[in-house]
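Single-structure report; data block below.
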Amino acid sequence: GESVGLHLPTLSVQEGDNSIINCAYSNSASDYFIWYKQESGKGPQFIIDIRSNMDKRQGQRVTVLLNKTVKHLSLQIAATQPGDSAVYFCAEKGGSTLGRLYFGRGTQLTVWP
Amino acid sequence: DGGITQSPKYLFRKEGQNVTLSCEQNLNHDAMYWYRQDPGQGLRLIYYSQIVNDFQKGDIAEGYSVSREKKESFPLTVTSAQKNPTAFYLCASSIRLTGTEGLAGTKNIQYFGAGTRLSVL
Chain A
46 GESVGLHLPT
56 LSVQEGDNSI
66 INCAYSNSAS
76 DYFIWYKQES
86 GKGPQFIIDI
96 RSNMDKRQGQ
106 RVTVLLNKTV
116 KHLSLQIAAT
126 QPGDSAVYFC
136 AEKGGSTLGR
146 LYFGRGTQLT
156 VWP
Chain B
323 DGGITQSPKY
333 LFRKEGQNVT
343 LSCEQNLNHD
353 AMYWYRQDPG
363 QGLRLIYYSQ
373 IVNDFQKGDI
383 AEGYSVSREK
393 KESFPLTVTS
403 AQKNPTAFYL
413 CASSIRLTGT
423 EGLAGTKNIQ
433 YFGAGTRLSV
443 L
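Heads up: the protein sequence lines correspond to chains A and B, in order.
In terms of my numbering, the first sequence opens at residue 46 and continues consecutively.
In terms of my numbering, the second sequence opens at residue 323 and continues consecutively.
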């Protein structure tokens, strides 16, 4: 079956440092991946996505890297700010399903001043 | 203002009672979803609907029921059969993927509401 997991449940960084959040997936047929940010008591917000035919995609201060060989996804946040403190989830769309997303457990990112 | 509205923000259920969580969207999306989130865990799919008058069970549908009579609305009922209903419930919507779109790496961003926190009295 499909599963999405994270290597680290928590990550603490100092303000201004770069953050890297990792995600492993098991379904080699997954063709689309999303990163969400969830602040405490709120719903997840879309950050960035990537199709399986790409290795890298950049947004504003964020970069997603996809390594299909080892089924690994990462989210890099440049110059991390206190407002980046949240839980970050990766999600995958399995290639055999009609739009359904499978979510990982999440990583709690804490940014210290 | 386009988006997804969930209500109420907080809800309390007495034992043996059914409660209904509201989810309304004005994004003109065909597909809608209900997820349950427990502390320190990811999102688990309860039910989803790809079109009006049609819905499918997700991974944890037992003790829940839904309806999809209108495109904009996808209410979730937590029945008395759900013995551990305390959780954060999230509703989402997206475009509907059909046929080869589901297999072609087509973007499928799900947009979420602010959630309803359900507790048992």
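Built from N, CA and C at the ideal position, the CB exists for glycine as well.
Computed from a predicted structure; not experimentally measured.
- Taking all protein chains in view, the Cβ of Pro54/A is surrounded by fewer than 16 other Cβ atoms within 10 Å, so the residue is classified as exposed.
- Asp94/A carries a strand assignment under DSSP once its states are collapsed to helix, strand and coil.
- Here Leu440/B is buried. Its C-beta has 16 or more other C-beta atoms within 10 Å.
- One Cα belongs to Arg366/B, the other to Arg358/B, and the distance between them is close to 5 Å.
- The C-alpha of Ile65/A lies about 30 Å from the C-alpha of Ile326/B.
- Contact residues of the segment 67-101 of chain A toward chain B are Asp76, Tyr77, Ile79, Lys87, Gly88, Pro89, Phe91, Asp94, Arg96, Ser97 and Asn98 (C-beta to C-beta distance below 7 Å).
- In the DSSP annotation of this structure, the continuous segment of the beta strand (DSSP E) that includes Asp376/B starts and ends at Asp376 to Lys379.
- Setting aside the 5 residues that flank it on each side, Ala403/B is surrounded in the same chain by Glu384 and Gly385, each with a C-beta closer than 8 Å to its C-beta; the list follows chain order.
- Listed in chain order, the beta strand (DSSP E) elements of length 3 or more contained wholly in the segment 114-147 of chain A are 117-122 and 131-138.
- Look at Thr428/B: its C-beta is under 9 Å from a C-beta on chain A.
- Gln126/A sits close to Val156/A, with the two beta carbons spaced by under 9 Å.
- Residue pairing by DSSP puts Met354/B in a beta bridge opposite Ser371/B and Ser415/B.
- For Ile382/B, the secondary structure class from DSSP, reduced to helix, strand or coil, is coil.
- Ile66/A: member of the beta strand (DSSP E) spanning Ser64 to Tyr70, first to last residue.
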